[in-house]
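Data first, discussion second: the structure below is written as structure tokens.
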Amino acid sequence: MSSGSKKIVVVGIVSNAIVTVLKFISALVATSASMMNEAIHSLMDTLNQLFLLFGLIASEKEPDQDYAFGHHQKKFIWNLWSAIGLFSIGSGLGLYHAYHSYLKMGQHATEVASISIFNVNISGIMLAFIVLVVSFLIEGNAWRVAMREYQQRTKGIDTTVFQYISEAKDPTLVAMILEDSIAMIGILLAIIGITLSYLTGNPVWDILFSSLIAILLGIAAVFLGRVNMIY
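Under UniProt numbering, read the sequence shown as residues 1 to 231, first letter to last.
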């Protein structure tokens, strides 16, 4: 079980690290509130998954004088810290950035710059769409790896994904499934927000959907915190 959890966490860390860099570059070029919150989202996912990995490593230590029954429960503590971090930093910072963007809405533009790649000029809005599509594919692959692990563990067991997420005793797999699912939903929200702003010329859509992304992070964090506090 531990090796399977480690695999999906490492895949998640690498995937989110790549996506984070791409999103921050795109957010700066396109000056999009949704894209910036997606970049913050991916950064928090990367840091949170590092916490999950640290928790797995700590839980594998052999029993000692202080922990006669082993260190197994430590992964729940690390995962709880991860959930708290996701809420306080990811959601809070995302909402603050959305509010700040709203205050500066008169200066806000969906597309104010372009970037040259291999002597080809790509507009900010086009770069945003390219990055979001690529990010969706990368996150989708990480989600596929997590779901494959879930299917292996529940083979022959009468349960659903929702039941497993609510009752599972492996918080790491639960966190990965939930975070990857929310990451893909967040990307879709960003695409909708940027598209509406581009079509209407009104940046409020971009700001609104960036707020929804931040709220989504908060909901996920509260749920993950509740799951880990059970144990």
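Beta carbons: idealized from backbone N, C-alpha and C, even for Gly.
Let me check you understand the geometry: is the CB of TYR96 closer than 7 Å to at least one non-hydrogen atom of the ligand SAM?
This structure lacks the ligand SAM; in fact it carries no ligand of any kind.
Excluding five sequence neighbours on each side, which residues of the same chain lie with their C-beta closer than 7 Å to the C-beta of VAL134?
Listed in chain order, the non-local C-beta contacts of VAL134 below 7 Å within the same chain comprise LEU22, local neighbours out to five positions each way being set aside.
Just the Cα atoms here: how many angstroms apart are GLY193 and GLY12?
Computed Cα separation, rounded: 25 Å.
What would DSSP say about ILE57, mapped onto helix, strand or coil?
The answer is helix: DSSP assigns ILE57 an H, G or I state.
Less than 8 Å between the beta carbons of SER181 and TRP143, yes or no?
It is a contact, given that the beta carbons lie within the stated cut-off.
Could you tell me which whole alpha helix (DSSP H) segments of length 4 or greater appear in the segment 139-167?
If one requires a minimum length of 4 residues, the alpha helix (DSSP H) runs lying completely within the segment 139-167 are 161-167, in chain order.
Sufficient close CB pairs (3 or more, under 8 Å) joining the segment 30-50 to the segment 154-162
The segment 30-50 vs the segment 154-162: no contact.
Which one of MET176, ALA83, LEU188, ALA98 has the shortest CA to CA distance from VAL204?
Nearest to VAL204 by alpha-carbon distance, out of MET176, ALA83, LEU188, ALA98, is ALA98.
C-alpha distance - ILE219 paired with GLN163, whole-angstrom precision:
Distance between the alpha carbons of ILE219 and GLN163 is about 18 Å.
From VAL145, PHE54, ILE8, ILE138, pick the residue whose C-alpha is nearest to that of SER42; which is it?
Comparing Cα-Cα distances from SER42 to each of VAL145, PHE54, ILE8, ILE138, the minimum goes to ILE138.
Taking the beta carbon of VAL227 as the centre, do at least 16 other beta carbons fall within 10 Å, making it buried, or is it exposed?
VAL227 should be labelled buried.
Please report the straight-line C-alpha distance between LYS7 and PHE54, rounded to a whole angstrom.
Spanning the alpha carbons of LYS7 and PHE54 requires a straight line of approximately 13 Å.
LEU178 beta carbon less than 8 Å from that of LEU212:
No, the pair does not count as a contact, with Cβ atoms beyond the cut-off.
Environment of ASN48 [buried if 16+ CB atoms lie within 10 Å]:
Buried is the call here.
Just to confirm, is the Cβ distance from LEU52 to VAL9 under 8 Å?
Yes.
Reducing DSSP to helix, strand and coil, say where ASP170 ends up.
Look at ASP170 here: in three-state DSSP terms it is coil, with no helix or strand label.
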